[in-house]
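Worksheet: the structure to be examined is printed underneath.
There are 2 protein chains.
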Amino acid sequence: MTSSNGDMRGAGAVLDTLANGGVEVCFANPGTSEMHLVAEMTARPSMRDVLCLFEGVATGAADGYGRMAGRPASALLHLGPGLGNGLANLHNARRASTAMVALVGDHATYLKDADPPLNSDIELLAAPMSAWVRRTTRAADAGRDTAEAILAARAGSAAGTGGVATLILPSDVCWSEGARPAGVPATAPERADADAVERAAKILRDDTRCLLFIGGANLRPDGLRAAARIARATGARLLAEKSPARHRREPGLPDIERLPYPLEEASARLDGHRHIVFAGARPPVPFFGYPGRPSRLFADDCELHLLGMAPAALQDLADLVAPAGIGASRPRPPAGGLPAGELTAAKAAAVIGALLPEEAVVVDEAISSSADLVAATAGAPAHDWLCLTGGSIGMGMPAAVGAAVACPDRPVLTLQADGSAMYTPQALWTQAREGLNVVTVILANASYAILADELARVEGVPGADLGRTRGISDISGLDFVALAAGMGVPGSRARSAGDLADQLRRALAEPGPWLIEAVLPSSARAGGGVRGA
Amino acid sequence: MTSSNGDMRGAGAVLDTLANGGVEVCFANPGTSEMHLVAEMTARPSMRDVLCLFEGVATGAADGYGRMAGRPASALLHLGPGLGNGLANLHNARRASTAMVALVGDHATYLKDADPPLNSDIELLAAPMSAWVRRTTRAADAGRDTAEAILAARAGSAAGTGGVATLILPSDVCWSEGARPAGVPATAPERADADAVERAAKILRDDTRCLLFIGGANLRPDGLRAAARIARATGARLLAEKSPARHRREPGLPDIERLPYPLEEASARLDGHRHIVFAGARPPVPFFGYPGRPSRLFADDCELHLLGMAPAALQDLADLVAPAGIGASRPRPPAGGLPAGELTAAKAAAVIGALLPEEAVVVDEAISSSADLVAATAGAPAHDWLCLTGGSIGMGMPAAVGAAVACPDRPVLTLQADGSAMYTPQALWTQAREGLNVVTVILANASYAILADELARVEGVPGADLGRTRGISDISGLDFVALAAGMGVPGSRARSAGDLADQLRRALAEPGPWLIEAVLPSSARAGGGVRGA
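The listed protein sequences derive, respectively, from chains A and B.
Those letters in the first sequence? Residues 1 to 533, per UniProt numbering, in order.
Those letters in the second sequence? Residues 1 to 533, per UniProt numbering, in order.
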């Protein structure tokens with residue numbers, strides 16, 4: 001509420017400052033303590049509120065939005081338990097370095113010490129997944145704190161250190177007068193480390209046993225072209241990080257292979273190089289440890305060189321070692337014809353590769369089916385590919401919500417394993433409510449296939465009951481078409497490759513969301529992934 | 001694996017120690033880092049593993065189990081994000097003082113510092129919702145640490161300070177040899193503070209303007225009878241805490257009214273007393289703050305006396321002030337006849353009150369419909385009533401899983417608001433997989449009714465768009481019968497009071513889970529609750 005002296009309530013200053021900083025969307029799951037923020041939000045056309053029925057949907061949507069929009073969304077969460085529900089997807093956003101402002105409502109300052117039933121220590125909960133955490137303690141600081149949250153989100157995003165800024169807003173700070181919105185200055189792009197670029201250039205020129213390992217913002221057109229120029233000029237080999245936040249793929253752009261998930265394959269790909277130059281990525285680490293297996297992916301005599309996260313570094317490096325410029329890479333041949341017969345993971349991938357529409361946004365939480373899908377879409381029309389950056393499952397359908405809000409004119413395709421789909425199925429309701437153009441393909445093998453694989457490797461447990469062991473990876477009994485119907489999303493079930501092709505064509509042609517349950521053999525086990533499959 | 005010298009792997013020692021401590025069930029949502037625990041678990045008939053498809057189901061089930069079994073369950077969670085997903089129901093368990101051992105797998109000790117993708121600071125995440133947190137750093141400590149976790153869980157439970165003990169188990173600690181199981185001594189019941197009991201007795205004898213406020217374990221038969229004896233002997237009035245973990249109700253037991261949720265009603269009930277004696281409960285605090293409203297529920301001249309959490313204190317007090325003993329209270333009249341016509345919250349409550357089966361376990365997450373339901377079941381056959389202790393929604397259907405596992409011979413009835421049902425709907429899958437006798441009644445008013453009420457109280461926001469304000473509490477478009485079918489639980493929809501009665505009778509008569517969507521007017525707004533409705 002604007003008073004005669006120009007002051008307003010804390011909640012109003014938060015929202016006006018968000019508008020000043022280009023934050024135009026709020027993925028919200030509010031409660032009583034956030035009511036003043038909600039009321040002020042409804043008074044402002046500058047802010048689009050998107051209701052989510054679970055906090056993990058809100059944070060995953062903010063992640064997907066940030067990756068595609070290139071500017072932060074906000075998520076609105078209710079107290080410590082609400083933040084808790086949102087943490088898994090904040091973890092992925094942090095690993096994706098997505099800029100995001102997480103607004104967490106809290107009890108009124110004067111009530112907090114009395115420890116009401118919903119009270120908890122929000123700072124502790126927020127710290128592990130946040131680049132920046134602050135509690136606003138009086139309305140007069142609401143504008144300044146919001147501005148600093150936006151700047152912190154952008155800075156962490158640019159530095160590749162994670163861009164989740166968590167602002168804790170007590171309810172009385174929001175309803176009290178005396179606040180003013182703050183301006184939010186533009187953030188300058190991060191500069192390259194010239195010395196590191198020089199050193200890398202010398203190494204690439206002097207030694208042909210070099211690998212250029214790229215990630216982050218370098219997986220967009222400029223970075224991909226620069227990497228290809230460097231490789232051609234110096235003979236360096238190229239590799240990309242395993243799970244990029246956003247990977248642009250289009251005919252004419254180099255399609256750089258990504259580090260595989262299985263430990264042995266990853267080591268093999270990194271082996272045989274004297275130097276590895278990292279640009280927009282850090283040296284990869286094994287996803288998990290295993291008894292008697294190495295904890296390091298690199299040979300002992302391999303030297304690692306870090307160029308930093310700034311995209312400018314890779315551009316500068318390309319200008320140093322390949323100043324003449326080199327033409328575009330040859331487009332890959334288009335995908336083959338459509339397969340037929342009973343559906344398998346490989347056939348599902350082939351169908352998707354053949355039908356992927358121009359300028360699709362692909363959200364990949366296919367886990368054990370992912371490698372097939374990446375391969376099958378290599379020659380597809382231009383698209384962006386969003387990965388499960390942090391390995392915390394339940395990202396797929398929420399991130400698709402955010403991507404569709406950010407890019408209303410582009411088709412969004414979620415490639416979703418069945419096990420991980422069950423962490424945040426509520427995202428489907430928001431897809432229906434907002435009429436988002438999202439097609440979800442559930443790759444349903446009725447098991448935590450990864451767990452079955454991992455359990456098979458556990459040796460020497462006397463009396464281990466293989467039946468019970470299988471039981472813990474058996475998730476049969478799910479009907480995703482019914483589940484989607486329960487949340488207002490129409491759907492269909494594909495048992496053959498022909499079914500999938502027909503249903504995918506129809507789903508992509510119609511506006512609004514659709515879900516296809518692609519029924520795979522329940523023994524299907526491909527490599528690569530984390531938990532669900 | 002047991003070696004020739006009697007040592008075993010860390011995972012084996014954890015499981016054998018759990019067995020020594022009477023922990024017989026594990027509600028599990030494991031990942032790769034927990035595979036040795038899972039493999040060892042399958043080798044032991046002493047441990048029942050119950051697979052959950054989301055961590056909030058696992059922690060909520062462990063809460064429900066602990067409340068009904070009177071001994072701890074374990075929950076098995078995967079790394080920081082998995083713990084994050086389980087925090088909301090750990091919050092409720094903490095507020096219920098439920099004894100529980102939360103086992104959180106972590107990366108191998110030698111890999112942790114390299115910060116693999118799924119890495120995060122688990123201690124920080126665990127601390128706010130845990131009474132006790134420890135990381136086991138070598139296999140030799142696994143037995144001891146597990147024993148101490150069980151003792152800490154029991155101690156926090158007995159002291160009413162929360163009984164969630166979180167044990168962080170790196171994967172190499174679990175797979176390494178050199179561990180031995182530890183014994184777990186019995187825990188002595190907490191003793192009463194004799195001085196506090198004497199003082200309370202004197203106050204109750206000297207002043208008739210006393211209120212005896214009971215909670216925790218005193219809401220079982222012994223405590224309820226002791227409270228009634230004290231009231232009859234001294235003239236004290238009686239009141240119970242708002243949301244008990246477990247409230248026993250049966251004909252012949254005094255049915256003590258509970259503190260109402262709305263701030264004004266709660267203050268009114270506590271007003272007019274010179275002294276309040278708290279037994280098994282702490283002085284209540286307003287659930288939320290509101291502009292210009294008081295933050296304290298008591299009059300300034302009211303003296304508060306804390307007897308502590310030990311049930312023995314209330315028994316001792318009764319023996320002091322009412323040594324002769326007093327007979328059972330008169331049973332309430334049985335509920336009235338069955339209503340007919342279009343369903344309302346009040347009619348749904350009447351149907352449930354009339355049909356509640358003997359020895360039911362009622363899990364109440366009905367939020368805005370809860371007060372009606374409590375009133376309508378006052379004269380019902382003997383039952384236990386489990387409340388949303390921490391206000392963190394998403395407890396209902398998971399807690400019902402745990403209660404049904406703990407009490408396989410008793411019918412479990414979940415009274416579930418629709419908004420809060422959407423936080424942990426995955427619990428239905430476990431109900432189907434385990435064939436649990438749980439009947440879920442969704443009280444579906446298609447809105448966050450509490451939020452609509454709260455928003456209506458927010459005044460003075462110029463330009464606030466009432467349409468958008470309503471939008472954020474409108475959750476229409478859900479079909480819970482389809483949702484249940486998607487997870488293998490059969491269901492039906494009740495539009496009239498007669499439908500509900502017919503369907504409830506049939507559901508209670510059949511084995512296995514069933515879900516009834518009770519369609520209420522979408523404008524239905526009763527008092528009492530937190531967020532969903």
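Where a beta carbon is used, it is the ideal one built from N, C-alpha and C, also for glycine.
The structure displayed is predicted, hence computed values, not measured ones.
Euclidean distance between Cα positions of residue i and residue j
i, j, result
"Ala-236 (chain B)", "Pro-323 (chain B)", "16 Å"
"Ile-352 (chain B)", "Ser-522 (chain B)", "20 Å"
"His-36 (chain B)", "Glu-358 (chain B)", "42 Å"
"Ala-518 (chain A)", "Ser-392 (chain A)", "23 Å"
"Glu-137 (chain B)", "Ala-108 (chain B)", "Rather than Glu, the amino acid found at residue 137 (chain B) in this sequence is Thr. Roughly 10 Å between the two C-alpha positions."
"Asp-115 (chain A)", "Asp-193 (chain B)", "24 Å"
"Asp-210 (chain B)", "Phe-287 (chain B)", "The amino acid occupying residue 210 (chain B) in the given sequence is Cys; Asp does not appear at that position. Answer to the nearest angstrom: the Cα atoms are 24 Å apart."
"Gly-84 (chain B)", "Gly-60 (chain B)", "13 Å"
"Pro-291 (chain A)", "Ala-464 (chain B)", "60 Å"
"Trp-175 (chain A)", "Asp-474 (chain B)", "23 Å"
"Asp-63 (chain A)", "Ala-155 (chain A)", "16 Å"
"Thr-424 (chain B)", "Leu-253 (chain A)", "43 Å"
"Arg-71 (chain B)", "Phe-27 (chain B)", "14 Å"
"Leu-455 (chain A)", "Glu-34 (chain B)", "10 Å"
"Ala-524 (chain A)", "Ala-446 (chain A)", "Because the pLDDT of Ala-524 (chain A) is 37, which lies under 50, any placement of that residue in the model is unreliable, and the number read from its coordinates should be weighed accordingly. Taking the straight line from one Cα to the other gives about 9 Å."
"Val-361 (chain A)", "Ala-376 (chain A)", "16 Å"
"Ile-516 (chain B)", "Asp-301 (chain B)", "49 Å"
"Ala-378 (chain A)", "Ala-444 (chain A)", "23 Å"
"Asp-319 (chain B)", "Arg-232 (chain B)", "13 Å"
"Ala-449 (chain A)", "Ser-368 (chain A)", "7 Å"
"Leu-343 (chain B)", "Leu-520 (chain B)", "6 Å"
"Ala-350 (chain A)", "Leu-224 (chain A)", "25 Å"
"Ala-533 (chain B)", "Leu-76 (chain A)", "Because the pLDDT of Ala-533 (chain B) is 36, which lies under 50, any placement of that residue in the model is unreliable, and the number read from its coordinates should be weighed accordingly. Looking at the two C-alpha atoms, the distance is approximately 19 Å."
"Ile-150 (chain B)", "Gly-178 (chain B)", "21 Å"
Residues that residue i contacts on chain A, provided the C-beta gap is smaller than 8 Å
i, result
"His-107 (chain B)", "Phe-288, Gly-289"
"Gly-488 (chain B)", "Gly-477, Leu-478, Asp-479"
Residue nearest to residue i in terms of C-alpha spacing, selected from the options
i, options, result
"Asp-364 (chain A)", "A:Pro-221, A:Ser-176, A:Cys-387, A:Glu-24", "A:Cys-387"
"Arg-180 (chain B)", "B:Gly-162, B:Ser-473, B:Ala-147, B:Leu-151", "B:Ala-147"
"Gln-426 (chain A)", "A:Leu-224, A:Ala-200, A:Ala-484", "A:Ala-484"
"Ser-243 (chain B)", "B:Gly-477, B:Ala-13, B:Ala-96", "B:Ala-96"
"Val-23 (chain B)", "B:Gly-467, B:Gly-66, B:Pro-170, B:Leu-169", "B:Gly-66"
"Arg-44 (chain A)", "A:Arg-144, A:Cys-52, A:Ala-13", "A:Ala-13"
"Arg-220 (chain A)", "A:Glu-250, A:Gly-289, A:Met-100, A:Thr-42", "A:Glu-250"
"Ala-158 (chain A)", "A:Ser-267, A:Ala-281, A:Val-489, A:Asn-20", "A:Ala-281"
"Pro-294 (chain A)", "A:Glu-265, A:Leu-224, A:Asn-89", "A:Glu-265"
Chain B contact residues for residue i, given Cβ-Cβ distances below 8 Å
i, result
"Met-422 (chain A)", "Leu-53, Phe-54, Gln-426, Trp-429"
"Ala-88 (chain A)", "Pro-81, Gly-82, Gly-84, Asn-85"
"Thr-344 (chain A)", "Under the 8 Å cutoff, chain B gives no residues; its nearest Cβ is about 24 Å from Thr-344 (chain A)."
"Tyr-261 (chain A)", "Within 8 Å Cβ-Cβ: nothing; Tyr-261 (chain A) doesn't reach chain B, min ~10 Å."
Assumed close pair residue i, residue j - CB separation to whole angstroms, cut-off 8 Å
i, j, result
"His-91 (chain A)", "Gly-31 (chain A)", "Not a contact, Cβ separation roughly 22 Å."
"Val-461 (chain B)", "Ala-39 (chain A)", "5 Å"
"Thr-187 (chain A)", "Trp-132 (chain A)", "Actually they do not touch by this definition, with Cβ atoms about 14 Å apart."
"Pro-513 (chain B)", "Ala-452 (chain B)", "Wrong, their Cβ atoms sit about 31 Å apart, outside the cutoff."
"Gly-394 (chain A)", "Ser-420 (chain A)", "6 Å"
"Thr-17 (chain A)", "Ala-139 (chain A)", "13 Å between Cβ atoms; not a contact."
"Gly-162 (chain B)", "Arg-246 (chain B)", "At roughly 15 Å, the Cβ-Cβ gap does not stay under 8 Å, so Gly-162 (chain B) and Arg-246 (chain B) are not in contact."
"Val-321 (chain B)", "Thr-234 (chain B)", "5 Å"
"Pro-411 (chain A)", "Leu-508 (chain A)", "6 Å"
"Leu-212 (chain A)", "Leu-238 (chain A)", "5 Å"
Proximal chain A residues relative to residue i, where beta-carbon distance stays under 7 Å
i, result
"Glu-40 (chain B)", "Val-461"
Interface partners of residue i on chain B, CB under 7 Å
i, result
"Val-458 (chain A)", "Met-35, His-36, Ala-39"
Quick one: any contact between the region 306–314 of chain B and the region 190–209 of chain B, if contact means 3 or more CB pairs under 8 Å?
-> In this structure the region 306–314 of chain B lies against the region 190–209 of chain B, because at least three pairs of beta carbons, one per stretch, are closer than 8 Å.
| said: So, does the region 253–273 of chain A touch the region 401–413 of chain A, judging by three or more C-beta pairs under 8 Å? | reply: With the cut-off at 8 Å, the region 253–273 of chain A and the region 401–413 of chain A do not touch.
| message | For the region 485–503 of chain A against the region 488–502 of chain B, do three or more pairs of beta-carbon atoms, one drawn from each stretch, fall closer than 8 Å, so that the two count as touching? | response | Judged by Cβ distances under 8 Å, the region 485–503 of chain A makes no contact with the region 488–502 of chain B, as fewer than three pairs qualify.
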